[in-house]
Ligand code: AMP
Ligand code: MN
Ligand code: MN
Ligand code: MN
């Protein structure tokens, strides 16, 4: 029987706009049966999401989307089924959160040089006190009329060679996968088609990822085109990776795709949930 999995979502504990409770309620109403909350670099929403999932009668997979620097580029690794109390993972994420605090100040200084004052304070008003993201800067810059929407802000201000760009110094790949495995979780390369890596670089990333114990590739992502999905499906088959499926939902305002609307995994793939216990809470 088809079970509806969505294994990549955000709440406002990172850069989503819904509370964990609202997210879970909306997912359940949209027909999602197994939902992973995977906020950026924090596990702080898991407990609330778990309670909400219990009430809504769906299954909550504790997760986190870890920011990684690989080959001087930012890569996201989704962790699934981690123990939220695992010490190495918690310590690692705390370090990434601290970097985010410093980076937010630095983005503010850079934007001030470009004539935009008060951006860090403005971004903080859009964050919810847990974690600060470029997305919060984007919301502030839209609010103050610097660009028409979040995507336009990124293009104009927050990416490489733009005034508010600050290079990430995230976890190493091996380090991040190590934290995830020590926490009992599975590591999955998030939205692989979005990095604009050449095919050979992507294969190199996958090779190193597998060597340090990474298991999955997000074949179906809200941010993938049909073509991306087919390319990533071939890659998962060829490289022997498990396949994952996640919307990367951030809230109703800025969704790649609404909850409950993701395509199924293409045929011939081993899903990342293959060996998960069927009826665990
Ligand atoms: P950060 O981890 O703080 O550097 O922010 C990364 C987040 O910004 C991603 O998880 C997306 O939610 C968002 N983001 C990145 N690039 C774009 C873009 N071009 N348009 C809209 N949102 C983006
Ligand atoms: Mn995000
Ligand atoms: Mn991501
Ligand atoms: Mn994400």
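Residue numbers (the working numbering): 5 to 285.
Each residue gets a CB set at the ideal place from its N, CA and C atoms; glycine is no exception.
Nothing here was measured: the structure is a model prediction, and the numbers come from that model.
Proximity to residue i [Cα-Cα], best of the options
| i | options | result |
| --- | --- | --- |
| residue 260 | 8, 6, 13 | 13 |
| residue 166 | 252, 111, 272, 26 | 111 |
| residue 31 | 11, 43, 44 | 11 |
| residue 264 | 27, 109, 55 | 27 |
| residue 254 | 83, 137, 177 | 137 |
| residue 290 | 180, 151, 236 | The shown model of the chain, from 5 to 285, leaves out residue 290, and the question about it has no answer. |
| residue 74 | 217, 230, 208 | 208 |
| residue 204 | 93, 177, 239, 161 | 239 |
| residue 243 | 267, 193, 230 | 193 |
| residue 269 | 175, 241, 224, 55 | 224 |
| residue 92 | 76, 175, 241 | 175 |
| residue 60 | 24, 228, 86, 251 | 24 |
| residue 246 | 231, 275, 258 | 275 |
Distance, residue j Cα to residue i Cα
| i | j | result |
| --- | --- | --- |
| residue 197 | residue 63 | 28 angstroms |
| residue 46 | residue 18 | 7 angstroms |
| residue 49 | residue 215 | 30 angstroms |
| residue 249 | residue 7 | 12 angstroms |
| residue 132 | residue 280 | 33 angstroms |
| residue 100 | residue 195 | 20 angstroms |
| residue 41 | residue 58 | 14 angstroms |
| residue 277 | residue 172 | 31 angstroms |
| residue 284 | residue 65 | Low local confidence applies: a pLDDT of 48 at residue 284 is under 50, so the model's placement there is unreliable, and no value is given. |
| residue 129 | residue 78 | 25 angstroms |
| residue 145 | residue 9 | 34 angstroms |
| residue 2 | residue 141 | There is no way to answer for residue 2, as the model of the chain reaches only from 5 to 285. |
| residue 52 | residue 82 | 19 angstroms |
| residue 212 | residue 177 | 8 angstroms |
| residue 190 | residue 222 | 12 angstroms |
Whole-number beta carbon distance between residue j and residue i, since they are thought to touch under 8 angstroms
| i | j | result |
| --- | --- | --- |
| residue 90 | residue 186 | 6 angstroms |
| residue 68 | residue 97 | 7 angstroms |
| residue 115 | residue 108 | Between residue 108 and residue 115 the Cβ distance is about 11 angstroms, and since that is not below 8 angstroms, they are no contact. |
| residue 227 | residue 252 | 6 angstroms |
Check: residue i C-beta below 7 angstroms from any heavy atom of ligand 6
| i | result |
| --- | --- |
| residue 155 | In the structure shown, ligand 6 is absent; the only ligands present are ligand 1, ligand 2, ligand 3 and ligand 4. |
Output the residues surrounding ligand 2, defined as those with a CB atom closer than 6 angstroms to any ligand heavy atom, in chain order.
14, 19, 44, 139, 254
Test item, CB below 5 angstroms from any non-hydrogen atom of ligand 3
80, 194
So if I measure from each beta-carbon to every heavy atom of ligand 4 and keep distances below 5 angstroms, which residues remain?
69, 252
Ranges of the alpha helix (DSSP H) found wholly within the segment 70–149, counting only runs of at least 4:
91–117, 123–130, 138–147
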